[in-house]
Amino acid sequence: DGGITQSPKYLFRKEGQNVTLSCEQNLNHDAMYWYRQDPGQGLRLIYYSQIVNDFQKGDIAEGYSVSREKKESFPLTVTSAQKNPTAFYLCASSIPGQGGGYTFGSGTRLTVV
Amino acid sequence: AQSVAQPEDQVNVAEGNPLTVKCTYSVSGNPYLFWYVQYPNRGLQFLLKYITGDNLVKGSYGFEAEFNKSQTSFHLKKPSALVSDSALYFCAVRYTDSWGKLQFGAGTQVVVTP
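Protein sequence lines, in the order shown, are assigned to chains U and B. Each residue of the first sequence is one higher than the one before, counting from 1 in the numbering used here. Each residue of the second sequence is one higher than the one before, counting from 1001 in the numbering used here.
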């Protein structure tokens, strides 16, 4: 079955460390997205990518980086510059330009220890 | 610019009663509107969308939503709620400058009691 896989499900980071969250999809979707979810704030867009080797900053990109070397993969790195990284991170994909919605992964919960 | 608001943090309803989750939006041009549901520690699942056409949209799990252009609302409804409908519900609107980005509301927690 097609879908989006996020790993790991839980991740613990020490202060000052960079960590990378994985997102892989086999839906043949061109567009991929990263959102951050905090209680009471809904989902906020971090980065998005329309096609391979291209990506754009979202509303809260500071302290994060991404790459899109393959259509299937859109990893997110949470850098030490992100001052409050503890959150639930969601990856999604879609067919851009159409009226369709997103397909979401199951999320990664990142905790700073 | 666009925005979406969900005015209620939580909605409580008894099983078997009608369920309504409110959403209002602000967007220039014709809106693309969506509803998603999230269960604990899971990703969001698509429920339904409005692009154009009939103002009453039917979706998954018996949910429907009514688009009201004059009130800029897109309320989610279910005639008879189930305990299993207890979850976090998100309304979303497509960015006006975009080919597909969505902006999400803050979410509404639905609690259905037996």
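Cβ coordinates follow ideal geometry from the N, Cα and C atoms, glycine included.
Endpoints, the beta strand (DSSP E) within which Phe88(U) is located
In the DSSP assignment, Phe88(U) falls within the unbroken beta strand (DSSP E) covering 87 to 94.
For a contact meaning CB atoms closer than 7 Å, what does Asn1030(B) contact in chain U?
Those within 7 Å of Asn1030(B) in chain U number zero; the least Cβ separation is about 11 Å.
If we define contact as Cβ-Cβ less than 9 Å, is Phe1104(B) a contact residue for chain U?
At least one chain U Cβ lies under 9 Å of Phe1104(B).
Once DSSP output is grouped into helix, strand and coil, what is the label at Gly1059(B)?
The three-state reading of DSSP puts Gly1059(B) in coil, since its state is none of H, G, I, E or B.
Could you check whether Phe1090(B) and Phe1104(B) sit closer than 9 Å to each other, using their CB atoms as the reference points?
It is a contact, given that the beta carbons lie within the stated cut-off.
Of the listed residues Arg1042(B), Leu1019(B), Asp1009(B), nearest to His1075(B) (C-alpha basis)
It is Leu1019(B) whose Cα lies nearest to the Cα of His1075(B).
Ile4(U) - partner residues in DSSP beta bridges
Answer is Gln25(U), bridged to Ile4(U).
Would you give the residue range spanned by the beta strand (DSSP E) that Asp38(U) belongs to?
Counted as a single uninterrupted DSSP element, the beta strand (DSSP E) harbouring Asp38(U) occupies residues 31 to 38.
So, with DSSP's three-state summary, where would you put Ser67(U)?
In the displayed model, Ser67(U) falls within coil according to three-state DSSP, outside both helix and strand.
Closer than 9 Å, CB to CB, is Val1036(B) near chain U or not?
The sequence given here has Tyr at residue 1036(B), not Val. It does: the Cβ of Tyr1036(B) has a partner Cβ on chain U nearer than 9 Å.
Per DSSP, the bridge partner or partners of Val1093(B)
Val1093(B) pairs with Leu1033(B), Gln1103(B).
Quick one: give me the first and last residue of the beta strand (DSSP E) that Tyr47(U) is part of.
Where Tyr47(U) is concerned, the enclosing beta strand (DSSP E) stretches over 42 to 49.
When we look at the beta-carbon of Val1057(B) and count the other beta-carbons within 10 Å, is it buried (16 or more) or exposed?
Answer is buried; the Cβ neighbour count reaches 16.
Rounded C-alpha distance that separates Tyr1036(B) from Phe74(U):
Their backbone Cα atoms lie some 22 Å apart in a straight line.
Report the residues of the stretch 1053 to 1079 of chain B with a CB closer than 7 Å to any CB of chain U, ordered along the chain.
Per Cβ criterion, the list is empty.
Along the beta strand (DSSP E) that carries Arg1042(B), what are the first and last residues, could you check?
Where Arg1042(B) is concerned, there is no enclosing beta strand (DSSP E), given that its DSSP letter is neither H nor E.
Which residue wins for smallest C-alpha separation from Glu1064(B), given the options Glu1008(B), Asp1009(B), Phe1034(B)?
Among Glu1008(B), Asp1009(B), Phe1034(B), the Cα nearest to that of Glu1064(B) belongs to Phe1034(B).
Near-chain A residues of the stretch 1009 to 1026 of chain B (beta-carbon distance less than 8 Å), N- to C-terminal order:
Structure shown: chain A not included; protein chains present are U and B.
Whole-Å CB distance - Ala1087(B) paired with Leu1102(B), under 8 Å assumed:
With 8 Å as the limit, Ala1087(B) and Leu1102(B) do not qualify as a contact, their Cβ atoms being about 18 Å apart.
So if I threshold CB-CB distances at 9 Å, which residues from the stretch 80 to 92 of chain U count as touching chain B?
So the close ones are Phe88, Leu90, Cys91, Ala92.
Under 9 Å, Cβ to Cβ, is there at least one residue of chain B near Ile46(U)?
For Ile46(U), the answer is no, since every Cβ of chain B falls outside 9 Å of its Cβ.
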